[in-house]
Amino acid sequence: MAANPMTQFEVYRIGPEIKIGAFDISFTNASLFMVVSSLAILIIFNLGSKKNSLLPNKLQLLAELSYTFITKMISDTAGSKAKPYFAFIFSLFMFVLFCNMFGMIPYSFTVTSHIIVTFILAAFIFIGVTIIGFIKHGFGYLRLFVPSGVPAVLLPLIVVIEIISYLSRPVSLSVRLFANMMAGHTMMKVFGGFVISLGIVGGWLPLSFSVALTGLEILVAFLQAYVFAILTCIYLNDALNLHH
Amino acid sequence: MSKDQFKTRLQIAKDKLSKKNLRDNNQNSSSIGAAFKLSTELVSAVAVGTIIGFILDKTFGTKPWLIIIFFFVGVIAGIINVIKSAKNMQK
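Protein chains in written order, with the working numbering: chain A, 1 to 244; chain B, 1001 to 1091.
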């Protein structure tokens, strides 16, 4: 067992090295787990929606439950105008959830524990939401940065503050997911290391901690996917229903 | 049991169920999610403000000043972020 708790986050190449210009686009273990989770989503939801029986089997139940869960979440936070974006938010939630959950399997790799992955997801959401806002409202979207009822003296300062808080959205979105996943997995590895080093005499306490942490991590894995999706809905709500 | 009696009992049971669902939904996932949300909101605004200050300093050559100003503006933005999302939670 590796003593260093950070070795689990190492990205290494699987198969041949592929280079386009200066970019290394070889297939890595990170790409492998992204492919695995996407395939798992595809298989589960294809099988789940194949037979539309009145008495659903377990897969169909799972697919239907997640469908209603996401629909409810979108209509609660972003209203009925956000319905066309259901497909995007559903795939986003499922991708993050499956990546987190596949990371919980021992010896697997957690894709979402790398900030570049979560930041790219968040940056796409940020850019997309901004474009949607400008399409729906034109330059009136800039009113988002000018809250009503502010004295004219304070306006320059408030606008700068609002712009900073708008720009901080992708950062907080990506850092939250990345930090939670990485901290949790590091902690689990550290406690696992304690079990080995303390041996059969003192290892029981960290072992029980590890069991509890595993449960906590599964909760966090679900919760972070949920938070990621719900914040996307909130940002979408800001872009669709402009009111300040 | 008559039909009317059954109807009222069904109605009462349904009301109880919907109330319970509402309470569960409010308490479980969304409130823990909101707590996770608050923690990073503050930090990220400070980070973004400082980065903007750093970039502006480099372009204008006003070495320490803009980064200091934008750091504090970022702190204010972070606090406002937290207050905003806390207000959203109470709705």
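Don't be surprised by glycine CBs; every beta carbon is placed ideally from N, CA and C.
Bear in mind the structure is a predicted one, so any value in this text is a computation, not a measurement.
Asked: A:I196 to A:G203, Cα distance in whole Å?; Found: 7 Å
Asked: Please decide whether B:V1075 counts as near chain A, where near means a Cβ-Cβ distance under 7 Å.; Found: no
Asked: Exposed or buried, which one is B:F1070 when buried takes at least 16 other CB atoms within 10 Å?; Found: buried
Asked: Grab me the residues of B:K1003's own chain with a C-beta within less than 7 Å of its C-beta, minus the 5 sequence neighbours each way, in chain order.; Found: none
Asked: Whole alpha helix (DSSP H) runs in the region 77-124 of chain A with 4 or more residues, listed along the chain?; Found: 86-103
Asked: Report the neighbours of B:S1018 on chain A: residues whose CB is nearer than 9 Å to its CB, in chain order.; Found: Result: empty, since nearest Cβ-Cβ is about 14 Å, beyond 9 Å.
Asked: Where does A:G138 land, buried or exposed, given buried means 16+ other C-beta within 10 angstroms?; Found: exposed
Asked: Around the Cβ of B:Q1011, are there at least 16 other Cβ atoms within 10 angstroms (buried) or fewer (exposed)?; Found: exposed
Asked: Could you confirm whether any beta carbon from chain B is found closer than 7 Å to the beta carbon of A:I161?; Found: yes
Asked: Could you list which residues in chain A have their beta carbon closer than 7 Å to that of B:A1047, in chain order?; Found: V171
Asked: Quick one: residues in its chain with C-beta nearer than 6 Å to the C-beta of A:M94, no 5 flanking neighbours on either side, listed in chain order?; Found: I41
Asked: Can you tell me the Cα-Cα spacing of B:T1040 and B:A1077, whole angstroms?; Found: 13 Å
Asked: Output the boundary residues of the alpha helix (DSSP H) element that contains A:S174.; Found: L155 to G202
Asked: When the Cα atoms are used, what is the spatial distance from A:Q60 to A:S66?; Found: 10 Å
Asked: Below 8 Å on C-beta distance, what does B:I1052 contact in chain A?; Found: I164 and L167
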